[in-house]
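*Asks:*
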Amino acid sequence: SQQGEEDPQALSIQEGENATMNCSYKTSINNLQWYRQNSGRGLVHLILIRSNEREKHSGRLRVTLDTSKKSSSLLITASRAADTASYFCATDAGTSYDKVIFGPGTSLSVIP
Amino acid sequence: KAGVTQTPRYLIKTRGQQVTLSCSPISGHRSVSWYQQTPGQGLQFLFEYFSETQRNKGNFPGRFSGRQFSNSRSEMNVSTLELGDSALYLCASSLAGANYGYTFGSGTRLTVV
């Protein structure tokens, strides 16, 4: 069964704009992770946010986590064409080494 | 340091055959997980190995199996291949488990004809 689900499924923006993707999940978690995948290649780890954290930044990326709403958002500021990729949220099911389940992803297109 | 290495990159097999895929994790990483990615089902968790023991398993039939060696290298095997097994198989290594963040390999693209 799917733990996390991203929204929207697809997003198209102009270069320089901000992109926001959301992830909702069903059960309590230890942490939530965001990954990026370019054209069927391997996934790249972006950010891991723990359940006791509310916000985390990495360069142009900002991730928030609201455990009361079981949701997270990924904000990419000042987007570039190179940000065009699929973005996935990944969640565990609450134990320290439980399997991590990926959502279906958001496909982001940044138009130059 | 070297990344996660998956071999081969591409593979074409016939229905009914079996296949073995290999993954060499980052040096020092003890956890290796395998995922199957298809356009219809997305990323599906296959199994996770830690210190040569299978620690977690997904909902795949017994035709899918894996193992991990003492040097943390891992192999997965699919027997009696079906057309539906065509997918990108991704290996992910982690220091001690997925909750430390994965480093993914580039994947093995398996096509079953």
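So the protein lines, in turn, are chains A and B. Heads up: the first sequence is residues -13 to 98, going by the numbering used here. Heads up: the second sequence is residues 4 to 116, going by the numbering used here. C-beta atoms are modelled at their ideal positions from N, C-alpha and C, and glycine is treated no differently.
According to DSSP, is A/Asp69 part of a helix, a strand, or is it coil?
*Replies:* For the purposes of this step, residue 69 of chain A is identified with residue 83 of the first sequence, where counting begins at 1. If DSSP states are grouped into helix, strand and coil, A/Asp69 belongs with the helices.
*Asks:* With 8 Å set as the bound, which would you pick, yes or no: does the beta-carbon of B/Gly69 sit closer than that to a beta-carbon of chain A?
*Replies:* Looking up residue 69 of chain B in the second sequence gives position 66. With 8 Å as the cut-off, B/Gly69 does not count as an interface residue toward chain A.
*Asks:* From B/Gln40 to B/Leu93, what distance separates their C-alpha atoms?
*Replies:* For the purposes of this step, residue 40 of chain B is taken as residue 37 along the second sequence, with counting starting at 1. For the purposes of this step, residue 93 of chain B is taken as residue 90 along the second sequence, with counting starting at 1. Straight-line Cα distance between these residues: approximately 7 Å.
*Asks:* Tell me the rounded alpha-carbon separation between B/Ser54 and A/Val86.
*Replies:* Numbered from its first residue, the second sequence carries residue 54 of chain B at position 51. Numbered from its first residue, the first sequence carries residue 86 of chain A at position 100. When rounded, the distance between both Cα atoms is 18 Å.
*Asks:* I need the straight-line Cα distance from A/Arg66 to B/Ser97, nearest angstrom please.
*Replies:* Locating residue 66 of chain A in the first sequence gives position 80, where the first residue counts as 1. Locating residue 97 of chain B in the second sequence gives position 94, where the first residue counts as 1. Going by the C-alpha atoms only, they are around 29 Å apart.
*Asks:* Check B/Leu84 in the structure and name its three-state DSSP category.
*Replies:* By one-based count along the second sequence, residue 84 of chain B stands at place 81. In the structure shown, B/Leu84 sits in coil (DSSP, three-state: anything other than H, G, I, E or B).
*Asks:* Using beta-carbon positions only, say whether A/Ser37 and A/Asn17 come within less than 8 Å of one another.
*Replies:* Numbered from 1 along the first sequence, position 51 holds the residue referred to as residue 37 of chain A. Numbered from 1 along the first sequence, position 31 holds the residue referred to as residue 17 of chain A. For A/Ser37 and A/Asn17, yes; Cβs fall inside 8 Å.
*Asks:* Where does B/Tyr103 sit, in a helix, a strand or coil, going by DSSP?
*Replies:* Your numbering for residue 103 of chain B matches position 100 in the second sequence. B/Tyr103: helix per DSSP, three-state reduction.
*Asks:* Could you tell me whether the Cβ atoms of A/Thr70 and A/Leu94 are closer together than 8 Å?
*Replies:* Here residue 70 of chain A refers to the residue found at position 84 when the first sequence is read from its first residue. Here residue 94 of chain A refers to the residue found at position 108 when the first sequence is read from its first residue. For A/Thr70 and A/Leu94, yes; Cβs fall inside 8 Å.
*Asks:* Compare the C-beta of A/Thr50 with all C-beta atoms of chain B and state if any pair is closer than 8 Å.
*Replies:* For the purposes of this step, residue 50 of chain A is identified with residue 64 of the first sequence, where counting begins at 1. It does not: the Cβ of A/Thr50 has no partner Cβ on chain B nearer than 8 Å.
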